[in-house]
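**Student:** All the letters of the sequence shown, read from the start, carry residue numbers 1 to 567 under full-length UniProt numbering.
Here it is, the structure, as structure tokens.
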Amino acid sequence: MAKFSRWWGKDTRKGTPVVVTMENPNFSVVEIDGPDAAFRPVDKDRGKNARQFTWVLLLKAHQAVGCLSWIGNFLWALLGTIKKRMDAQAVCGLVGISRRLLAPPIQSVSNFCVVLFLIQSADRLILCLGCFWIKFKKIKPRIQGDPFNSEDLEGSGYEYPMVLIQIPMCNEKEVYEQSISAVCQMDWPKDHLLIQVLDDSDDQSIQLLIEGEVLRWSQKGVNIIYRHRLVRTGYKAGNLKSAMNCDYVKQYEFVAIFDADFQPNPDFLKLTVPHFKDNPELGLVQARWSFVNKDENLLTRLQNINLCFHFEVEQQVNGVYLNFFGFNGTAGVWRIKALEDSGGWLERTTVEDMDIAVRAHLNGWKFIFLNDVRALCEVPESYEAYKKQQHRWHSGPMQLFRFCLPAIITSKHSPCTKIHPIYSPYLLFENTMSVTKFHAMVSGLFQLGSSYEWVVTKKAGRASEPDLLAAEERESKAMNHPPLHRGVSESGLSELNRFKEHQESGPKPPAKKMNKIYKKELALAFLLLTAALRSLLSAQGVHFYFLLFQGVSFLLVGLDLIGEQVS
């Protein structure tokens with residue numbers, strides 16, 4: 001029974017003592033014990049409960065933390081008071097320093113940008129007025145008489161000059177066949193024409209395809225040569241320079257250059273070469289570009305607008321009134337003597353076309369732009385390809401500016417002619433490309449690593465409807481006629497045929513395409529849209545519309561919604 005009472009008193013106690021006190025003297029104080037008082041053992045030596053000891057420790061810790069918190073708040077308040085007393089003097093000092101050191105250069109840069117904007121606006125206005133005058137007066141370069149008709153001399157084709165055609169290409173598998181086919185169908189005497197296919201591809205399979213295409217046209221009687229450099233330095237300029245060093249080039253008077261995605265019409269040479277006759281100062285005849293994929297997406301439409309302004313206004317006006325404009329690198333015919341007198345192709349920049357044009361102009365050669373002679377080509381369909389193209393186009397001119405500035409200043413030309421090669425136009429869409437272009441110009445001016453990058457613009461290999469019909473007609477003729485007999489010179493085609501059979505045997509899975517996110521453009525879109533909202537709240541309506549449209553433009557580009565998706 002004693003063990004049970006101890007267990008009951010230890011673990012199963014119910015109720016607590018109750019003390020009732022009354023202020024009325026008629027009542028007495030009574031203490032009522034709990035129901036388990038009779039079973040509770042009398043243990044005077046029992047220690048305190050462990051739970052009570054824990055609560056005591058927690059209480060002490062809480063008091064200590066409260067003391068530390070009070071000390072921290074006191075120190076923080078003291079530091080805040082000291083800071084408030086020092087802020088006034090510090091802010092006044094910083095404002096004074098900013099006003100003396102930062103404000104003048106910022107204001108100078110702003111004034112410089114305003115001056116550049118006014119010069120650019122005046123240039124755009126003058127060019128537009130010149131374009132309207134050319135349209136009104138119907139001014140354009142004309143060919144006098146029939147330059148190829150000779151009554152005094154006998155012999156077929158005697159009046160046709162020797163023309164060399166160069167097609168530089170590099171890993172452009174999608175378009176090589178179209179360009180070679182178009183050039184080989186030129187309406188020009190075969191004994192006065194030589195075609196050089198300058199292949200800089202590093203993919204051996206593409207080399208075999210291009211070489212096989214050249215051999216096929218050579219078997220048809222076309223005077224065409226395939227060249228592949230073992231040491232591929234200097235990019236496109238090095239490729240052209242290597243081709244011009246061949247001994248047989250000395251027999252030719254003119255050279256026409258076409259990129260791998262260009263498809264000139266058969267009468268291209270007959271519309272361009274005659275302008276050189278009786279005009280010994282003429283060094284270049286440039287034709288206009290037309291785009292087979294201009295309606296593919298929003299990006300190609302914007303590029304079409306921009307490049308139409310470039311050809312229709314800039315190059316046409318400068319060609320008529322100044323006899324100078326930047327060579328576009330393709331769809332042009334050069335007098336070989338002009339290239340040689342100007343130093344030939346140089347590898348110092350990634351814009352070898354502008355480089356040779358500036359040097360030829362400084363040497364006194366004149367240029368002609370033919371707005372009614374056009375060559376089909378492609379524009380980049382994805383923003384990624386367009387961005388890389390624009391980087392090269394704007395980084396190279398800044399490099400060229402460093403190299404040619406002394407020659408431009410010391411030349412004997414008029415000041416307006418000197419300054420023309422330096423600045424370039426911008427449209428509203430070009431503002432969206434300001435991030436890429438500014439980075440490209442800075443890298444080119446200070447010769448950073450990215451200024452020496454040469455990335456071949458990705459092509460889609462699209463063809464126009466006449467080209468598709470012609471291809472279908474060629475295929476039908478090929479089915480009706482027996483194949484050409486292969487001689488010893490075509491022994492290399494066996495490897496090409498095996499490669500094609502291997503490619504056709506296995507189906508390729510379709511490449512997955514996705515939108516690429518451009519963080520810089522998105523950051524600028526957020527900044528411009530935020531500024532537009534602030535302008536709206538501050539009732540600045542004119543600024544609001546400009547910032548809104550420009551912010552939306554950056555947003556579309558940043559989300560890759562204006563061009564073809566990247567695979």
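Glycine included, C-beta positions come from ideal geometry on N, C-alpha and C.
Do I210 and Y176 have their CB atoms nearer than 8 Å?
**Tutor:** yes
**Student:** Can you say whether Q107 is buried or exposed, counting buried as having 16 or more other CB atoms within 10 angstroms of its CB?
**Tutor:** Counting Cβ neighbours within 10 Å, Q107 comes out exposed, since fewer than 16 surround it.
**Student:** Leaving out five residues on either side along the sequence, give the residues of the same chain with a beta carbon under 8 Å from the beta carbon of L118.
**Tutor:** none
**Student:** Could you check where the alpha helix (DSSP H) with M354 kicks off and where it finishes?
**Tutor:** 352 to 362
**Student:** State the Cα-Cα distance for the pair E564 and I195, rounded to the nearest angstrom.
**Tutor:** Straight across, the Cα-Cα distance linking E564 with I195 is about 34 Å.
**Student:** I need the DSSP call for D372, collapsed to helix, strand or coil.
**Tutor:** strand
**Student:** Given V183, which residues of its chain have a CB within under 8 Å of its CB, disregarding the five upstream and five downstream residues?
**Tutor:** Once the five neighbours on either side are set aside, the close Cβ partners of V183 are I165, I167, I195, F258, P264.
**Student:** Kindly confirm or deny that the stretch 366 to 385 and the stretch 293 to 304 touch, where touching means at least three C-beta pairs closer than 8 Å.
**Tutor:** The answer is yes - the stretch 293 to 304 touches the stretch 366 to 385, with three or more Cβ pairs under 8 Å.
**Student:** Thinking just about the alpha-carbon of each residue, which of M354, L125, R51, K387 is nearest to the one in Q286?
**Tutor:** M354
**Student:** For the alpha helix (DSSP H) that G130 lies in, which residues bound it at each end?
**Tutor:** Unbroken alpha helix (DSSP H) run through G130: 103 to 137.
**Student:** Looking at V163: is its Cβ nearer than 8 Å to the Cβ of Y235?
**Tutor:** no
**Student:** Could you name the residues of the same chain whose beta carbon sits closer than 6 Å to that of A360, not counting the 5 residues immediately before and after it, in chain order?
**Tutor:** G283, A338, S342
**Student:** What first and last residue would you give for the beta strand (DSSP E) that runs through M169?
**Tutor:** 163 to 169
**Student:** Count the other C-beta atoms from every protein chain shown that fall within 10 angstroms of the C-beta of Y386, then say buried if there are 16 or more, exposed otherwise.
**Tutor:** buried
**Student:** Give the DSSP-derived three-state secondary structure of V65 in the structure shown.
**Tutor:** helix
**Student:** List the residues that DSSP assigns as beta-bridge partners of A256.
**Tutor:** I165, V333
**Student:** Does DSSP classify W76 as helix, strand or coil?
**Tutor:** helix
**Student:** Which residue's Cα is closest to the Cα of G238: F325, M169, R301?
**Tutor:** With distances taken between Cα atoms, G238 lies closest to M169.
**Student:** Nearest-angstrom Cα distance between V317 and S121?
**Tutor:** 16 Å
**Student:** In whole angstroms, what is the alpha-carbon distance linking Q144 and L556?
**Tutor:** 50 Å
**Student:** In chain order, which continuous runs of the alpha helix (DSSP H) of length 4 or greater are located wholly inside the stretch 160 to 220?
**Tutor:** 176 to 184, 204 to 219
**Student:** Assign S201 to one of two classes, buried (16 or more other C-beta atoms within 10 Å of its C-beta) or exposed (fewer than that).
**Tutor:** It is buried - the Cβ of S201 has at least 16 other Cβ atoms within 10 Å.
**Student:** Pull up the distance between the alpha-carbon of F148 and that of R348, whole angstroms please.
**Tutor:** 39 Å
**Student:** So, with DSSP's three-state summary, where would you put E490?
**Tutor:** Low local confidence applies: a pLDDT of 44 at E490 is under 50, so the model's placement there is unreliable, and no value is given.
**Student:** Taking P274 as the reference, give the member of L102, A77, W188, S110 with the closest Cα.
**Tutor:** W188
**Student:** Closest by CA to R335, which one among P266, F254, L58?
**Tutor:** F254
**Student:** Report the option in I305, A256, L269, F401 whose CA atom is closest to the CA atom of G332.
**Tutor:** A256
**Student:** For F311 and T530, I'd like the C-alpha separation in whole angstroms.
**Tutor:** 37 Å
**Student:** With distances taken from CA atoms, which of K516, W345, L271, D146 is nearest G329?
**Tutor:** Of K516, W345, L271, D146, the residue nearest in Cα terms is W345.
**Student:** On the DSSP bridge list, what partners appear for C377?
**Tutor:** Per DSSP, the beta-bridge partners of C377 are F291.
**Student:** Please determine, among R288, N323, N304, W289, the residue with the shortest C-alpha to C-alpha distance to N279.
**Tutor:** N323
**Student:** Around the C-beta of E281, are 16 or more other C-beta atoms found within 10 angstroms, so that it is buried, or is it exposed?
**Tutor:** Counting Cβ neighbours within 10 Å, E281 comes out exposed, since fewer than 16 surround it.
**Student:** Which class does P425 belong to by DSSP, given the choice of helix, strand or coil?
**Tutor:** At P425 the pLDDT is 34, less than 50, meaning the model places this residue with poor confidence; the figure from the coordinates comes in the next sentence. P425: coil per DSSP, three-state reduction.
**Student:** Below 6 Å CB to CB, which residues in the same chain sit around E430 once its five sequence neighbours on both sides are set aside?
**Tutor:** Residue placement at E430 is poorly supported in this model, since its pLDDT is 48, which falls under 50; the coordinates still yield a value, given next. Cβ within range, chain order: n/a, list empty.
**Student:** DSSP three-state label for K366, please.
**Tutor:** strand
**Student:** If we count the other Cβ atoms within 10 Å of its Cβ and call it buried at 16 or more, is E352 buried or exposed?
**Tutor:** buried
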